[in-house]
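Just so we're aligned, residue 63 is where the sequence shown starts under the numbering used here, counting upward by one. All residues carry an ideal CB built from backbone N, CA and C; glycine is no exception. What follows is a single structure, written as structure tokens, with notes after it.
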Amino acid sequence: MTLFRTYSYARTWRTPRTPRPNTIFVRPRSRALSTTVTQQPPTFTTKLKNFVIGTVSIVLGVSFIEYYFDSRAAIHKYFITPVLRTATDAETSHKFAIWAAKWGFSAKDRLSDDEKLAVRVWGKKLSNPVGLAAGFDKHGEAIDGLFDLGFGYVEIGSVTPEPQPGNPQPRMFRLHDDKAVINRYGFNSVGHKAVELRLRDRLRRYLYHSAKLHPKITTSLLASSPDGASLSDALGINRSLKDEKLLGINLGKNKSSDLESVDDYVKGVKSLGPYADVLVVNVSSPNTPGLRGLQRKDIFEKLLNEVIIARNSLSGRHPALLVKIAPDLSNDELDDIADAAMKSGVDGIIVSNTTISRPNSLYSDSSLVSEIGGLSGPPVKPLALRALRKIYKRTNGELTLVGCGGISDAKDALEYARAGATLVQLYTSLAYDGVGKAREIKDGILSELKDKKWTDVIGEQWKN
Ligand SMILES: Cc1cc2nc3c(=O)[nH]c(=O)nc-3n(C[C@H](O)[C@H](O)[C@H](O)COP(=O)(O)O)c2cc1C
């Protein structure tokens, strides 16, 4: 029956029906024709009106674009970031942020850094001491977009030697009431080779584009420099490819590797070292079974010795080598770490990674708090600060320390500096407050410093 109906409709459409008696068929006029006939020439007032509407629309559009791309714009903190947080799960928001920074849809810090924020570390000058911590750009996809947010230091990774998928989703949870996060990503990584190729591409693109600025760069020179890294060294360019900013690469370990093996880190130093201003040996992520065991005195010493030998055997400029530790270590363990670090000659320690503990001060629902993984954000700050102070005292302030954990504003950053941190890093507060975080903290530091400089306050707590 349905088939029959379809067929009969088709017939009706194909064969025009004979007009019923008394029906008059009037051929509809085309719209264009009727418009031409009836339209009056636009009056001066209409033209003026159209001109005003057009101009206002263009001015508003351009102003909105200008406003949107300024990282200080309130729309980021009070609209875009909260909307993203409400509409999507934590991992999707994270992916979106990376996508936006990668393709130039993210805002930028339009101001240059005040000289009072400048700091010298590892033989380099940084225009400001605020860094982005590892885990945000795990695969090195959005390096330039992230520097554009105003960070003086961007750390990509953790990168593992072989690609691995990490833990099943969901694996990142927001604890809104504590402005904190629990994650158990488990080192999802595209592996050394993929990141190395990405960094090599970035460097070669930069060299081609800046050939005009550097008369020493010629096409034949570029062709003869297989990775471009040695060429960038010869030109004295930071591996971040930015003046007064440093690029860190954080090295992880595959889940399938032997628990006590340090080979994964040695491989990382060799393959990614030529692209880094700073290499970070991460022995503190809680989501790879056995990893934190590498902080045990005997293995830790062996690990540091081997990575330093690998770093020192790199041709070209040697990146600084840091180790990143957990905030949950006991006082004795922290002393051992500090002693081993001093003995080995590493260039510094990042204090700290996420915590496996769950402080009693947490307000969030117990179902969230009991998710397995590392806790980050404000609840980590007291633990990380305690560890940093302990290490600073043990090393007599002779080792460069990077403070990380729960830094949300300038006061937090300065608290770390006074306790002995030369640089600071953050992750979770960027996820909660959006792209203006680096600028907000830098402005806040400047107003807190009054007539002092950042370098005046490093370790200030111990000077009285
Ligand atoms: C979702 C997420 C993923 C992370 N992944 C890594 C990582 O791959 N490697 C690493 O060394 N630290 C990682 N971290 C830890 C951060 O780098 C930082 O040490 C920690 O979050 C404390 O800083 P915060 O309180 O400012 O977030 C991760 C943190 C979060 C929240």
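Coarse secondary structure for residue i, derived from DSSP in three states
i: residue 481; result: helix
i: residue 148; result: helix
i: residue 395; result: helix
i: residue 141; result: helix
i: residue 510; result: helix
i: residue 245; result: strand
i: residue 473; result: helix
i: residue 101; result: coil
i: residue 198; result: coil
i: residue 304; result: coil
i: residue 427; result: coil
i: residue 406; result: helix
i: residue 115; result: helix
i: residue 167; result: coil
i: residue 515; result: coil
i: residue 251; result: strand
Alpha-carbon to alpha-carbon, residue j and residue i
i: residue 423; j: residue 491; result: 18 Å
i: residue 241; j: residue 362; result: 33 Å
i: residue 409; j: residue 365; result: 14 Å
i: residue 249; j: residue 238; result: 24 Å
i: residue 177; j: residue 189; result: 7 Å
i: residue 368; j: residue 355; result: 17 Å
i: residue 493; j: residue 198; result: 9 Å
i: residue 525; j: residue 372; result: 37 Å
i: residue 499; j: residue 320; result: 39 Å
i: residue 389; j: residue 446; result: 5 Å
i: residue 315; j: residue 333; result: 14 Å
i: residue 226; j: residue 259; result: 17 Å
i: residue 357; j: residue 126; result: 50 Å
i: residue 415; j: residue 442; result: 9 Å
i: residue 497; j: residue 395; result: 36 Å
Member of the options whose CA lies at the smallest distance from the CA of residue i
i: residue 331; options: 410, 223, 429, 474; result: 223
i: residue 256; options: 268, 219, 247; result: 219
i: residue 501; options: 338, 396, 142, 210; result: 210
i: residue 419; options: 347, 469, 451, 496; result: 347
i: residue 439; options: 466, 314, 454; result: 466
i: residue 504; options: 171, 135, 154; result: 171
i: residue 370; options: 192, 325, 109; result: 325
Sub-9 Å separation of residue i and residue j beta-carbons
i: residue 308; j: residue 186; result: yes
i: residue 516; j: residue 303; result: no
i: residue 310; j: residue 430; result: no
i: residue 162; j: residue 342; result: no
i: residue 386; j: residue 344; result: yes
i: residue 221; j: residue 205; result: no
i: residue 472; j: residue 509; result: yes
i: residue 411; j: residue 328; result: no
i: residue 486; j: residue 449; result: no
i: residue 212; j: residue 181; result: no
i: residue 359; j: residue 402; result: yes
Residues bridged to residue i (per DSSP)
i: residue 341; result: 311, 383
i: residue 266; result: Bridge partners of residue 266: none, in fact.
i: residue 323; result: Paired residue(s): none; residue 323 is not in a bridge.
C-beta neighbour in chain B for residue i, strict 9 Å
i: residue 414; result: The structure shown contains no chain B; it holds only a single protein chain.
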